[in-house]
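Each step along the sequence shown adds one to the number in my numbering, with nothing skipped, and position 14 is 279. Just so you know, even glycine gets a beta-carbon here, dropped at the ideal spot from N, CA and C. Here is the structure we will look at, set down as structure tokens.
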Amino acid sequence: MEFELRGSSHAEGLVPQPGSDAKPSENLAAAAKRERLWTDKVLSQVARTVGARMS
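Following this line, the structure appears as structure tokens:
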């Protein structure tokens with residue numbers, strides 16, 4: 266069985282936000298870290314749960 270999960274979140278509060286005077290590269294790095302957190306922590310757990318219920 267194969268399925269795909271997609272989603273996004275700002276993961277606010279879990280990854281510190283750069284200040285208002287941050288460089289664009291700092292903002293991009295923080296956004297990438299939030300995306301990795303969402304993928305690694307949330308979507309992977311959803312995949313495990315859905316897979317277990319489908320078997």
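What's the C-alpha gap between residue i and residue j?
| i | j | result |
| --- | --- | --- |
| Trp303 | Thr314 | 16 Å |
| Ala287 | Leu293 | 10 Å |
| Lys298 | Ala317 | 28 Å |
| Met319 | Arg301 | 26 Å |
| Ser290 | Pro281 | 14 Å |
Among the candidates the options, whose CA atom is the shortest distance from the CA of residue i?
| i | options | result |
| --- | --- | --- |
| Leu270 | Val307, Ser320, Met319, Lys298 | Val307 |
Where do the ends of the alpha helix (DSSP H) carrying residue i lie?
| i | result |
| --- | --- |
| Arg301 | 289 to 302 |
Which of helix, strand or coil does DSSP assign to residue i?
| i | result |
| --- | --- |
| Asp286 | coil |
| Leu308 | helix |
| Arg271 | coil |
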